[in-house]
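The structure appears right after this line, and notes come after that.
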Amino acid sequence: MARVLVVDDAKFMRLTLTNMLSHGNHEIVGEAENGQEAIELFRELQPDIVTMDITMPIMSGIDALKTIKTEYPSAKVVMCSAMGQQKMVVEAIEAGAKDFIVKPFDESRVLEAIKRVLS
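Heads up: the sequence shown at position 6 corresponds to 8 in our numbering, and the numbers run straight through without jumps.
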């Protein structure tokens, strides 16, 4: 069981991921709707893993990822991207993301990615 921080500007997407992760027996320790919140919550909660949307207001997922990885080099972050964001996914992986999942989310893929990153 992992402690997960779910980051997405869309409440529906956070809810979807939260439900899927709960089915996989993971604990949702927090939710953030932009990159700045994600960084603050990461510092406070020190989750095992983060699901991070790429495109968000205030601060993008990639910028938040870079900040988190600078402060916590061992942080495990899985990026969430919409179709057609391959270039951003590559940038995220280069910035230290461990994996990515594509929207619309498929529960088995989401849980598989989490498991892969944690092992």
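Glycine included, every Cβ here is placed at the ideal spot set by N, Cα and C.
Exercise for review: Whole angstroms is fine: what's the gap from R111's alpha carbon to V91's?
Suggested key: Using only the alpha carbons, I get a separation of about 16 Å.
Check your understanding: For E33, which residues does DSSP report across the bridge?
Key -> Under DSSP, E33 takes part in a beta bridge, and its partners are V8.
Point to revise | I41 burial status per 10 Å Cβ neighbour count (16 or more: buried) | key: Answer is buried; the Cβ neighbour count reaches 16.
**Study point:** I60 versus R45, K71, N36 and C82, residue with shortest Cα-Cα distance
**Key:** For the residues R45, K71, N36 and C82, the minimum Cα distance to I60 belongs to N36.
Review point. If you draw a straight line from the alpha carbon of A34 to that of E93, how long is it in whole angstroms?
Key: If you take the alpha carbons of A34 and E93, they lie about 21 Å apart.
**Study point:** Neighbourhood of L47 by C-beta distance below 8 Å, restricted to the same chain and skipping five residues each side
**Key:** A distance below 8 Å between beta-carbons, with the five flanking residues on each side excluded, links L47 to the following residues of its chain, in chain order: R5, L7, V31 and G32.
Exercise for review: Pull up the DSSP beta-bridge partners for I51, would you.
Suggested key: Answer is V6.
Point to revise | Per-residue burial, M3 [other beta carbons within 10 Å of its own, 16 or more giving buried] | key: Exposed.
**Study point:** Chain-order list of residues whose beta-carbon lies under 7 Å from that of A84 (same chain, five-residue window excluded)
**Key:** Closer than 7 Å at the Cβ level, and outside the excluded window around A84, lie K105.
Practice item. Compare the beta carbon distance of V119 and K100 with 8 Å and say whether it is the shorter of the two. Key: For V119 and K100, yes; Cβs fall inside 8 Å.
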